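Notes to accompany the following structure.
2 protein chains.
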Amino acid sequence: MVAGPLPMPSGPGKDRLRLWIRLLRASRTIEAELRERLKKEFDTTLPRFDVMAALYRAPEGMLMSDLSRFLLVSNGNVTGIVDRLVSEGLVARARRNGDRRTSMVRLTEEGTKSFATIAAAHEGWIGELLGKVSEEDARRLTGMLTSFRSNWEGRE
Amino acid sequence: MVAGPLPMPSGPGKDRLRLWIRLLRASRTIEAELRERLKKEFDTTLPRFDVMAALYRAPEGMLMSDLSRFLLVSNGNVTGIVDRLVSEGLVARARRNGDRRTSMVRLTEEGTKSFATIAAAHEGWIGELLGKVSEEDARRLTGMLTSFRSNWEGRE
DNA sequence: ACATAAAACTTTAAGCTTGAAATATCATAC
DNA sequence: GTATGATATTTCAAGCTTAAAGTTTTATGT
């Protein structure tokens, strides 16, 4: 639900609903901008970037299931994205000796170089897009979101 | 980029990147949960819910272009979702006398009733999922996100 | 009036996304 | 060692999403 500048609900318990609406709108706004720039500047997509970002942090590689858990998306989804990255030579699958069900997925050398370039631009964009958020607010917001995550992960 | 509990970047200007990562992860987490519940409880989807929520707030109807601007999605996207809602009898298109390019889209009576039911459940879910966020934090976070939106809308 | 541009919307192709079903491999219990 | 179940991954159908191109209608300039 992406509500906007029109009349907002009021009453008990509406504060959290309003928070959710604002949170969703903010992330969609930024996401749309990033998607557009990734397309225009690097002819890639956000899901591809996400996968490569995850792999960049794991030079030894990741299992498909690790990837999907980490990225909060379904298994089948990751399969398709990795397929495309493999066909472009940015990612490689390596069957393991131990367990033939699994395969370690990692960035190729080309993928690593490519990602480093894009990631640098990406960080600059975020700095620009969130530039009006003061450093202090950024840290405070981050703290609140971190505690949200802790509570979430700790729920029954 | 949905980074997680692993080592986070540090250095100048990394605060905003970290904020973005947390923001995106929070919204994706909640979004995934809502999507699952909408499917299980009401056999519907988040995009359908979004469209109906927008229309619910505009009993006189909305233009397709208003809908796509409001929901932050593309024109063609809204066409498909509305098509399906129309075929299910939840939404109706009404050609206007004045401008034959446009059509006013509005909820049918059935659509209105259906949405009211789902929205009530939805609000409860948000209260539950964000329950651990204190009312005070919720208001403060909302305030920060609101000022983000103002700055965003006012950029050159 | 006529051409040209602008606006509202739809269509299309490619890719993303999910949940469920299918496949293949491994682990466990007799 | 064989059946049974658990794991890891892929495949599939349906729906979502975008950008770009196409259609229809309206507005504008001359």
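So the sequence lines, in the order shown, correspond to chains A and B.
Letter by letter, the first sequence follows residues -19 to 136 of the working numbering.
Letter by letter, the second sequence follows residues -19 to 136 of the working numbering.
No residue lacks a Cβ here, since even glycine has one placed at the ideal position from N, Cα and C.
Every value quoted in this text rests on a predicted model; they were computed, and no experiment measured them.
If you ignore the 5 residues before and after I10 of chain A, its C-beta comes within less than 7 angstroms of the C-beta of L109, all in its own chain and listed in chain order. Between M32 of chain A and G91 of chain A, the C-beta spacing is below 8 angstroms. Nearest CB-CB separation between S45 of chain A and chain B: not below the 8 angstroms threshold.
Your pair A72 of chain B and R86 of chain B checks out as a contact, with CB atoms roughly 6 angstroms apart and the cut at 8 angstroms. Here the alpha carbon of K93 of chain A sits roughly 15 angstroms from the alpha carbon of V66 of chain A.
T59 of chain B counts as exposed, since fewer than 16 other C-beta atoms from the protein chains shown sit within 10 angstroms of its C-beta.
Bridge partners of R86 of chain B according to DSSP: B:A72. For R80 of chain A, there is no enclosing alpha helix (DSSP H), as DSSP marks it with neither H nor E. Bounds of the alpha helix (DSSP H) holding G123 of chain B are 115 to 133. Its Cα nearest to that of L(-3) of chain A, the residue B:G107 stands out among B:N131, B:R81, B:G107, B:D46.
Check the Cα spacing between D79 of chain B and each of B:A101, B:L43, B:N55, B:L70: the tightest is with B:L43. With a 10 Å radius around the Cβ and a threshold of 16 neighbouring Cβ atoms, R75 of chain B comes out exposed.
From the listed residues A:A101, A:E133, A:N77, the smallest Cα separation to K20 of chain A is found for A:A101.
CA-to-CA, the gap between F95 of chain B and L14 of chain B works out to about 15 angstroms.
Neighbours of F95 of chain A across chain B, judged by C-beta separation under 9 angstroms, do not exist; the nearest C-beta is about 11 angstroms away.
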